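Note that this note's numbering has the sequence shown beginning at 34, numbered continuously upward.
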Amino acid sequence: MRETGSARRPISRSRMLVSRLVCCVAAGFLVVFVATPVIPGPPGLVLASLRPWSLAVALVLLAMAGAARTRTAFVAGGCVTLLWVSAYLPALVPEGDDVDPSCDTFSVLSQNVATSAAAAGATAAAARQEGADIVAMQELDGSSRAAAAEALREEYGDYMGVGTVGFWSRHPVRAVQALDLGLGWDRAISAEVDTPAGTIGLYVVHVASVRLGNQAQRDRMLAELARTVSQSPHERILIVGDFNAGSDDRSLAALKAEFSEPNQASGGFGFTWPATFPAIRLDHVFQRGLDVASSTVLARNESDHLPNLVTLRSSCSG
Numbered sequence: 034m035r036e037t038g039s040a041r042r043p044i045s046r047s048r049m050l051v052s053r054l055v056c057c058v059a060a061g062f063l064v065v066f067v068a069t070p071v072i073p074g075p076p077g078l079v080l081a082s083l084r085p086w087s088l089a090v091a092l093v094l095l096a097m098a099g100a101a102r103t104r105t106a107f108v109a110g111g112c113v114t115l116l117w118v119s120a121y122l123p124a125l126v127p128e129g130d131d132v133d134p135s136c137d138t139f140s141v142l143s144q145n146v147a148t149s150a151a152a153a154g155a156t157a158a159a160a161r162q163e164g165a166d167i168v169a170m171q172e173l174d175g176s177s178r179a180a181a182a183e184a185l186r187e188e189y190g191d192y193m194g195v196g197t198v199g200f201w202s203r204h205p206v207r208a209v210q211a212l213d214l215g216l217g218w219d220r221a222i223s224a225e226v227d228t229p230a231g232t233i234g235l236y237v238v239h240v241a242s243v244r245l246g247n248q249a250q251r252d253r254m255l256a257e258l259a260r261t262v263s264q265s266p267h268e269r270i271l272i273v274g275d276f277n278a279g280s281d282d283r284s285l286a287a288l289k290a291e292f293s294e295p296n297q298a299s300g301g302f303g304f305t306w307p308a309t310f311p312a313i314r315l316d317h318v319f320q321r322g323l324d325v326a327s328s329t330v331l332a333r334n335e336s337d338h339l340p341n342l343v344t345l346r347s348s349c350s351g
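In structure tokens form, the structure reads like this:
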């Protein structure tokens, strides 16, 4: 007599081992992923830099779960994928909209030009082409500053800067102040700028570089920056520059608690460094009291950092 039912086939030893491996890796991933924002020192720095790229781990685990063909493995891989999506999908959604002609807008282009006169000239040319109202540069030296000034002289006002940072503006500037942010020498600048969207407090920063095991200066500058801008009397604030910290770096937590960074108009993470293969966002735009019309990372020029271009507005009359 033929059997009317069939017994479930036992899971092979190899599939069981793969399933267990998926579960073990997934458990470790979940712990590290959640803990990364509070892990101090070099381990936290490395993990924060790699965190956006951890989607690769989730995809590998899903592939391994497919090979194991066990419910446990699929659940483990699915949990990892869901955690990554919940953490990053909001940041990947395109932000901004078409700019109504009745809106009062202004735009800012910011880039670390890597002490390159060619990069500074290219940044200036891009600013003119894009119609930027404010052009901010970091890691300037004498030659790159002169190249930018020559290109911007006819359309922008005088250079406002100190040390390796500075900016040019089409609109009136006052209350310019050099900031050392605890570094011991000036590497940031603040000012009031009367933009079409109203007066803003502008901060242009070039935060100290970081090396594994040597990040105290960077962390001190970012902490002092957060303290300084929190005491600003301005309703509208814009902070741009090279922060030498990825978006998930714990050193940015104080700034991100009070200021927002716009998503890219075309979606994506907006990685800015290295320019040849952008893998991390070191260059940021933080704002408060303004609406975002668009935010874009522009194409590579002669620098090892990509430029940021953001268009903001305060209100619309229509």
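For each residue, glycine too, the CB sits at the ideal point set by N, CA and C.
From a predicted model like this one, the values you see are computed outputs, not experimental measurements.
A Cβ-Cβ separation of about 17 Å leaves R251 out of contact with V237 under the 8 Å criterion. The continuous beta strand (DSSP E) containing W201 extends over residues 198-202.
The DSSP-derived three-state label of W117 is helix. Rounded to whole angstroms, S284 and L245 show a C-alpha spacing of 14 Å. Counting the other Cβ atoms within 10 Å of the Cβ of T309 gives fewer than 16, which makes it exposed.
About 5 Å separates the Cβ atoms of A259 and L288, confirming a contact at the 8 Å cut-off. T156 sits away from D174, with the two beta carbons spaced by 8 Å or more.
If you look at R207, you'll find it isn't in any alpha helix (DSSP H); it sits in the beta strand (DSSP E) that goes 206-212. Secondary structure at E188: coil, using DSSP grouped into helix, strand and coil. Relative to L342, the option among L255, E335, S299 whose CA is nearest is S299. Contact fails between the region 219-237 and the region 178-189, because fewer than three Cβ pairs, one in each stretch, are under 8 Å apart. Measuring C-alpha to C-alpha distances from R84 to each of D337, S242, D282 identifies D282 as the nearest. D252: member of the alpha helix (DSSP H) spanning 249-263, first to last residue. For S223, the pairing in a beta bridge is given by DSSP as Q210, Y236.
For a cut-off of 8 Å, the C-beta gap from L214 to M254 is around 4 Å, short enough to register as a contact. Between A98 and A91, the C-beta spacing is not below 8 Å. Taking every protein chain shown into account, the CB of N334 has 16 or more other CB atoms within 10 angstroms, so this residue is buried. Ranked by how close their Cα comes to the Cα of A153, the residues A180, F304, A211 have A180 in first place. Sequence-distant Cβ neighbours of S327 in its own chain, meaning closer than 6 Å and more than five residues away, are G129, A298, T344. DSSP, reduced to helix, strand and coil, places G194 within a strand of the structure shown. Sixteen is the threshold: since fewer than 16 other Cβ atoms of the shown chains lie within 10 Å of the Cβ of E268, the residue is exposed. In the three-state reduction of the DSSP assignment, F139 falls in the strand class. When beta bridges are read from the DSSP output, L271 appears opposite L235, Q320. V113 and I167 have their alpha carbons spaced roughly 42 Å apart. In the displayed model, V108 falls within a helix according to three-state DSSP.
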